[in-house]
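K.L.:
Attaching a single structure in C-alpha cells format; questions to follow.
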Amino acid sequence: MSESGPSGRPTQALHPDDRHDQRAHSALPYFVVWIALVFFTALTYLTGKQHLGTWALAIALIIACTKSTLVALIFMHLKDSSGTTRLVFVTSLIFVALLLFFTVSDVATRFRPATPAGAPFGTERSQPEGLLEHELPE
Amino acid sequence: MRLSEADSHALAGATAAPNYLHDGTTVMSWLNTRDHKRVGVMFLVSVIFFFLIGGIFALLLRFKLLEPGPFFVDAIGYNRLFTLHGIVMIFLFLIPSIPSAFGNFVLPLMLGARDVAFPRLNLASFYLYLAGAVLAIWAMVHGGTDTGWTFYTPYSSTTATQVFPVLLAVFIIGFSSILTGLNFIVTVHTLRAPGLNWMKLPLFVWGIYGTSVIQILATPVLSITVLVVAVERVGGFGLFDPARGGDPVLFQHMFWFYSHPAVYIMILPAMGVISETVCAFSRKNPFGYKAIAMSSLGIAFVGFFTWGHHMFVAGQSTFNAGAFGILSMFVGVFTAIKVFNWVGTMYRGAISFKTPFAYICGFLYFLVFGGMTGVALATTSLDIHWHDTYFVVAHFHFIMVGASVMGFLAALHYWFPKMFGKMYPEGWGLVAASLIILGFNATFIPQFLLGNFGMPRRYYQYPEHFQALHVASTAGATLLGFGFLIIFIYLVIALKWGSPSESNPWRSKGFEWLTASPPPTHNFDEIPTITQMPHDYRTHEPPGVIRVS
Amino acid sequence: MSHDVAGLPPGILAHHFSSLSRQNEAMRLGMWLFLATEVLLFAGLFTGYSVYRFQFPEAFAECSRHLELTLGTVNTLVLITSSLTVALAIHYARTDRRRAAAICLVITLLFALAFLGIKAVEYAEHFHERSLPGKYYAYEAVKIPGAAMFFSVYFLMTGLHGLHVIAGMSVLSWILRRTLQGRYSSKYYTGLELGGLYWHLVDLVWIFLYPLLYLI
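Chains as they are written, first to last, in our numbering: chain A, 3 to 140; chain B, -10 to 538; chain C, 874 to 1089.
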C-alpha cells in the first residue's frame, strides 16, 4: 500500500512545528521571558499608580500588548509555528478591534443628551457635594 | 497512480465492500459513529425535522394573519409563534443545514480524505446540537418565548417567558456550530489529497471554508451576548438596563456582530452548492474559478463590517449609521461577482434541466431580487421607512428561503444518489420545485407590498385594508408547504422503495463522485492523487470516468 | 505504517492522517482556532467594559481605586509564573524528563489554586462591603452614577475568567495524568502542548484584565 506523504513535500522534510526538535531544546528563553514579564508587571503597576490622565490607558495597553506578545511568541511557540496558526491568532485580534471600534465609536459620537449622567459631555454628577479622593488638596 | 481495482469496481456499481450504511446496523453503531458520513446523515434527518417544526409555526402564524383582528391565538400567543418560528428556523435549521449535513458528508470526499480532521469532535458537535435542540423543545412546550428571535433587551431580560432555557439552547448550539467550523477548517488545511492544492479545491469547499471562518469568528460573540442576558435575568446586573446605566443598544451591537455574519453562514454554503451544480448541469467549467473562490472569502470577511445596518433607527450615532450604510453596499459586490460567473457558466453550456437545475434557476432569481432589496434597505434614508415593516421580512425570506433553502434542496437532490444509492422520482421533483417557486412568490411578493404600504412586522392586529395581501400571502404559504410536503413524501418513498442509482448518475466531474455511491466507510481504498482542475468538463473522457493522476 | 509511529504508545496516530507530522499540525491548528474563539468570547465583555468606561469615567476610576491592588498584582505574578511552569513542563517532556514535567504541572496547578484562592478572598471582601453588581450594589464608599456598572463589568469579566481558570485546571489535571502514564516524550508531546496553550490563554486574558480593572 503506498500511502502518499503530505502533498507537495518530500516525506523527510519536517513541518515547521517539528523542526526545532532537531536541535537540543533550551529552557533559557522561558526564564528570560518570565523576568521580562515580571518587569513589565512592575512597570504597569508603577505607571498605573501615577494616574497619568489621558495617557494612562494608552501606556497600560501598550505594556499589556508587549506582555501578550512575549507570551504568545515564546511561551506559546508562535515564533516557531506555521504561518497559518499565526494568521489565525492575528485575525482574531483584528476582529476584536473591529468590534471594539464600532461600538465605542457609536457611544463616542452620539447625540450628547443621549449619554447618561456623568459621561464626558453629560450633566452634573448626582452627588455634587464632597470631593473624590483624588481631588483632595495635598 | 490509478484508481485501485476495488475503487474502479465500486464505481462500476458492483460494490464489493459494504457501504457506510450497511457497515454496522445497530442503533449504537450509529450513535457512536466516527464516520463523517453517518454524522452528516444524522444531521440531515435532524435539520429536516426542525424545518418541518419551524414550517408548522409559520403556517400557524400565517393562519392567524388571515384575520385583521383577534383570531385563532391571542397576542402573546402570536408573539410566541413568530419567535419560535425564527429561533427554530435560524438556529435549528438554517445555520447547521448545508454545512453540518452536506458539508460533513461531502467535504472529506471532495478532498480525497478518509474523514474530517477530528471525527470524535464531529460526533460531539452533533450531540451538542441535539442537546440544544431538546432544550429548545422543552422551552417551547413550556410556552416558549415572546421576544422575537432577536431577544432585544430590556424586554428579554425582564419578560416572564422561557427566555433562560432558550438562551442556554442557543449557547449550546453555538458551541456545536463553532466545533463544526473548526473541524472543517483544519480538514481543508491538513487532509487534502496529494496534488490537491488550494487553487484546485472544489468550489463547494471554498464556500464551506468561508462559512467555517465566520462560524469561528462570529459565534463566540453571540455566546457571550446570550450569556450576559441570561445573567441579567437571574442576577439583575443591569448591563443592558437603562435604569442601571446600561445601554440596550450595546446589546444590539453585540447581537448583530454575530447575527449579520450569521446570514452569510446561511448563504455561503448554498452558493457553494450552486457553484457545484451549475457546472454539473451545464456540463461546463466555471466561468471564473478564482473569482467565485475568492468572493467566498470576500463575503466572509466583508460581512463583518456591516452589522449596524440593523440598527439605523435604534439610537446609534449618525456616524455609525453612515459608516455601516456605506460598508453594507460593498458586500453586494461579491454576490454580484458570483451571479455573473454562474450565468456565464450556464451560457452556451449543455443544460440538463433536472430538479437541481430547477432549484438553481429559483436560487438565482430569488438571490438577485432579494439581494437588490437588501442593497435598497442598506440605504439609511430608505430604511428609516422600511425598518420593522414587512419589506424587511420579505427581503430576508427571499434570501433565507428563496436562496438558501433552494440551495439546500438542490444539494439534497444532487447528492441524494451519492448518499443513499437511490434515485428520487424526477417528475415529482420538478413538480415540487415548481410548486415551491410559485408558492414562494405568492407568499412573499405580497409582503414587499405590505411593507411598502407601511404594515409593521410582528404585529398581531392590522388595519382592514391590508387583509387582501395577507390572505394572498397565507395562500402562498400553504402552496409552499404543499411543495415541501411532496418532497418529503417522495424522498422517503425513494429511500425505501426507490430504484438503485448508478454511482454517478449526473456524470459529474466532482471529486466526491470518484468513489462509489453510497461510499464505503473508509471512502477510498487508496487515496487518489489529484492532478486535474475541479469541475473540468473539457476533457474527452467517456462520461462517468474521472481521470485520476 | 509510517516510520514515525515507532516507539510511540499505541493509538496516537489516527487512521485518517498520513503521518504524525500532519496530525500534529492539525491538532495545533485546531487548538489555535479554539483559542481564537475564546479571544472573541472575552472580546464581548471587553466591549461592554469599553462602552461603560467611556460613559462613566469617574465612577470607573473611583471604583478601581477601591479594588485590592496588592492582591491583583500578586495574582498577576502568580499567573505569569504559572505560564512559565507549564512552558517548562512541555520543555521537560520533549527532552524526555517525565518526572520533571509532572512536577512542573503540579506546581502550575498549585499556582492556579492560589489564583482562585486570592480571587475568593477578594470576592468575599466585595460581598462584605456590598460592592456588588447592578441591583445589589450598596457600597458606602463610592456613590457615583456608574459605580454599580463597574462592578457588574468587574464580576462578569473576572467571573468568566475564573471559570476558565477552573476549566484550565481540569485540562492541566488531564495532561498531568497523561504525563504520569508516560504518553508524552520527545517523539510526541502535542497533547501536552495543547493543554499548555489553553493555560497560556488564561494568562493572556488576565494580562489585559489587570490593568483595565485595577489600574484605571
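A virtual CB, placed ideally from N, CA and C, is assigned to each residue, including glycine.
Taking its Cβ as the centre, do 16 or more other Cβ atoms sit within 10 Å of B/Arg103, making it buried, or is it exposed?
P.N.:
Residue numbering aside, residue 103 of chain B sits at position 114 when the second sequence is read from its first letter. B/Arg103 is buried by the Cβ-count criterion.
K.L.:
So if DSSP puts B/Phe60 in a beta bridge, which residue, or which two residues, is it bridged to?
P.N.:
Locating residue 60 of chain B in the second sequence gives position 71, counting from the first residue. Paired residues: B/Val62.
K.L.:
For the stretch 949 to 968 of chain C, which residues have a beta carbon sitting closer than 9 Å to at least one beta carbon of chain A?
P.N.:
So the list reads Thr949, Leu950, Ile953, Thr954, Ser956, Leu957, Val959, Ala960, Leu961, Ile963, His964, Tyr965, Arg967 and Thr968, given in the order they occur along the chain.
K.L.:
Could you please tell me which residues of the stretch 67 to 97 of chain A, in chain order, have their CB closer than 9 Å to any CB of chain C?
P.N.:
Those residues of the stretch 67 to 97 of chain A that come within reach of chain C (Cβ to Cβ, closer than 9 Å) are Cys67, Lys69, Ser70, Val73, Ala74, Ile76, Phe77, Met78, His79, Leu80, Ser83, Ser84, Thr86, Thr87, Arg88, Val90, Phe91, Thr93, Ser94, Leu95 and Phe97.
K.L.:
In the structure shown, what three-state DSSP assignment does B/Asn8 receive?
P.N.:
For the purposes of this step, residue 8 of chain B is taken as the residue at position 19 of the second sequence. In the structure shown, B/Asn8 sits in a strand (DSSP, three-state: E or B).
K.L.:
What residues from chain B crowd round C/Pro1018, counting only those whose CB sits closer than 7 Å?
P.N.:
The sequence position of residue 1018 of chain C within the third sequence is 145, counting from 1. Result: Gly234.
K.L.:
Does B/Phe33 come within less than 9 Å of chain C when only Cβ atoms are used?
P.N.:
As a working note, residue 33 of chain B is residue 44 in the second sequence. The residue you asked about is not Phe; residue 33 of chain B is Leu in the sequence shown. No, B/Leu33 lies away from the interface with chain C (no Cβ there is under 9 Å from its Cβ).
K.L.:
Cβ of B/Gln241 within 9 Å of Cβ of B/Ala303?
P.N.:
The residue labelled residue 241 of chain B in the question sits at position 252 within the second sequence. The residue labelled residue 303 of chain B in the question sits at position 314 within the second sequence. Yes, they are a contact pair.
K.L.:
Tell me whether B/Thr72 is buried or exposed, calling it buried when 16 or more other Cβ atoms sit within 10 Å of its Cβ.
P.N.:
The sequence position of residue 72 of chain B within the second sequence is 83, counting from 1. Buried: at least 16 other Cβ atoms inside 10 Å.
K.L.:
Under 9 Å between beta-carbons, which chain B residues line up against A/Ser100? List them in chain order, please.
P.N.:
Position 98 of the first sequence holds residue 100 of chain A. This sequence places Leu at residue 100 of chain A; Ser is not what is there. Correct list: Phe246, Phe293 and Phe294.
K.L.:
Quick check on the burial criterion: 16 or more other C-beta atoms within 10 angstroms. Buried or exposed for C/Arg926?
P.N.:
Here residue 926 of chain C corresponds to residue number 53 of the third sequence, with the count starting at 1. Classification for C/Arg926: buried.
K.L.:
Within this structure, are the beta carbons of C/Met904 and C/Leu1070 separated by less than 9 Å?
P.N.:
In the third sequence, residue 904 of chain C corresponds to position 31, counting from 1. In the third sequence, residue 1070 of chain C corresponds to position 197, counting from 1. Yes, the Cβ-Cβ distance between C/Met904 and C/Leu1070 is below 9 Å.
K.L.:
Checking contacts by CB at 9 Å: is C/Leu886 closer than that to chain B?
P.N.:
Along the third sequence, read from residue 1 onward, the residue named residue 886 of chain C stands at position 13. Judged by the 9 Å Cβ criterion, C/Leu886 is not in contact with chain B.
K.L.:
Mind checking if C/Glu931 is an interface residue toward chain B, Cβ cutoff 9 Å exclusive?
P.N.:
Locating residue 931 of chain C in the third sequence gives position 58, counting from the first residue. No, no contact with chain B.
K.L.:
Return the CA-CA distance between B/Met361 and B/Ser284, expressed in angstroms with no decimal places.
P.N.:
Here residue 361 of chain B refers to the residue found at position 372 when the second sequence is read from its first residue. Here residue 284 of chain B refers to the residue found at position 295 when the second sequence is read from its first residue. For B/Met361 and B/Ser284, the distance between alpha carbons rounds to 18 Å.
K.L.:
DSSP three-state call for B/Ser551: helix, strand or coil?
P.N.:
The shown model of chain B, from -10 to 538, leaves out residue 551 of chain B, and the question about it has no answer.
K.L.:
Could you give the uninterrupted runs of the alpha helix (DSSP H) lying entirely in the stretch 442 to 494 of chain B, keeping only those of 4 residues or more?
P.N.:
Counting whole runs of 4 or more residues, the stretch 442 to 494 of chain B contains the alpha helix (DSSP H) stretches 456 to 486.
K.L.:
When DSSP builds the beta bridges, which residues end up paired with B/Thr378?
P.N.:
Here residue 378 of chain B refers to the residue found at position 389 of the second sequence. Bridge partners of B/Thr378: B/Pro445.
K.L.:
Please state whether DSSP places B/Pro539 in a helix, a strand or coil.
P.N.:
Chain B is shown from -10 up to 538; residue 539 of chain B falls before or after that span and cannot be answered.
K.L.:
Contact defined as beta carbons within less than 8 Å: I believe C/Ile1039 pairs with C/Ala932. What is the distance between those atoms, to the nearest angstrom?
P.N.:
Taking the first residue of the third sequence as 1, we reach residue 1039 of chain C at position 166. Taking the first residue of the third sequence as 1, we reach residue 932 of chain C at position 59. With 8 Å as the limit, C/Ile1039 and C/Ala932 do not qualify as a contact, their Cβ atoms being about 30 Å apart.
K.L.:
Output yes or no for whether 9 Å exceeds the beta carbon distance between B/Val381 and B/Leu398.
P.N.:
Here residue 381 of chain B refers to the residue found at position 392 when the second sequence is read from its first residue. Here residue 398 of chain B refers to the residue found at position 409 when the second sequence is read from its first residue. No, they are not a contact pair.
K.L.:
For C/Glu1066, does the count of other Cβ atoms within 10 angstroms reach 16, so buried, or fall short, so exposed?
P.N.:
For the purposes of this step, residue 1066 of chain C is identified with residue 193 of the third sequence, where counting begins at 1. C/Glu1066 should be labelled buried.
K.L.:
Whose Cβ in chain A lies nearer than 8 Å to the Cβ of B/His178?
P.N.:
Walking along the second sequence from the start, residue 178 of chain B turns up at place 189. Going along chain A in sequence order, the residues near B/His178 (Cβ under 8 Å) are Thr86.
K.L.:
With C-beta atoms as the reference, is B/Phe226 less than 9 Å away from C/Pro1006?
P.N.:
Here residue 226 of chain B refers to the residue found at position 237 of the second sequence. Here residue 1006 of chain C refers to the residue found at position 133 of the third sequence. A contact, by the Cβ cut-off of 9 Å.
K.L.:
Output, in sequence order along the chain, the residues in the stretch 300 to 332 of chain B whose CB is closer than 8 Å to any CB in chain A.
P.N.:
If the cut-off is 8 Å between Cβ atoms, the stretch 300 to 332 of chain B has Gly304, Gln305, Ser306, Thr307, Phe308, Asn309, Ala312 and Phe313 near chain A.
K.L.:
9 Å is my cut-off, CB to CB: does C/Arg926 come that close to chain B?
P.N.:
Residue numbering aside, residue 926 of chain C sits at position 53 when the third sequence is read from its first letter. Answer no: the Cβ-Cβ gap between C/Arg926 and chain B never drops below 9 Å.
K.L.:
Taking Cβ positions, are B/Ala169 and B/Thr148 nearer each other than 9 Å?
P.N.:
As a first step, residue 169 of chain B is located in the second sequence; it is residue number 180 there, counting from the start. As a first step, residue 148 of chain B is located in the second sequence; it is residue number 159 there, counting from the start. The sequence shown places Thr at residue 169 of chain B, not Ala. Not a contact, by the Cβ cut-off of 9 Å.
K.L.:
For C/Val912, would you say it is in contact with chain A, using Cβ-to-Cβ distances shorter than 9 Å as the test?
P.N.:
On the third sequence, residue 912 of chain C is found 39 positions in, with the first residue counted as 1. True, the Cβ-Cβ gap to chain A drops below 9 Å.
K.L.:
To test your reading of the DSSP string, which unbroken alpha helix (DSSP H) runs of 4 or more residues are found completely within the stretch 176 to 257 of chain B?
P.N.:
Counting only runs of 4 or more, we get 192 to 224.
K.L.:
Mind checking the stretch 989 to 1021 of chain C against chain A and listing, in chain order, the residues whose C-beta falls within less than 7 Å of any C-beta there?
P.N.:
Result list: Lys1016, Ile1017, Pro1018 and Gly1019.
K.L.:
Output the distance between the C-alpha atoms of B/His74 and B/Gly44, rounded to the nearest integer angstrom.
P.N.:
Along the second sequence, one-based indexing puts residue 74 of chain B at 85. Along the second sequence, one-based indexing puts residue 44 of chain B at 55. Roughly 7 Å separates the two Cα atoms.
K.L.:
Quick one: list the residues of chain C neighbouring A/Val34, beta-carbon separation under 7 Å, in chain order.
P.N.:
For this step, residue 34 of chain A is matched to residue 32 along the first sequence. The premise fails here: A/Val34 is roughly 10 Å from chain C at the closest Cβ pair, so nothing lies under 7 Å.
K.L.:
So that I know if they touch, is there some Cβ in chain B lying closer than 9 Å to that of C/Thr920?
P.N.:
Residue mapping note: residue 920 of chain C aligns to position 47 of the third sequence, counting from 1. Output row for C/Thr920: interface = yes.
K.L.:
Could you compute how far the alpha carbon of A/Gly55 sits from the alpha carbon of A/Thr49?
P.N.:
What you label residue 55 of chain A is simply residue 53 of the first sequence in a count that begins at 1. What you label residue 49 of chain A is simply residue 47 of the first sequence in a count that begins at 1. Straight-line Cα distance between these residues: approximately 11 Å.
K.L.:
Does the beta carbon of B/Leu503 come closer than 9 Å to any beta carbon on chain C?
P.N.:
The sequence position of residue 503 of chain B within the second sequence is 514, counting from 1. Answer no: the Cβ-Cβ gap between B/Leu503 and chain C never drops below 9 Å.
K.L.:
By Cβ distance below 7 Å, which residues in the same chain neighbour B/Gly92 in space, the five residues on each side in sequence not counted?
P.N.:
Counting from one through the second sequence, the residue named residue 92 of chain B turns up at place 103. Hits under 7 Å: Phe173, Ile197 and Pro258.
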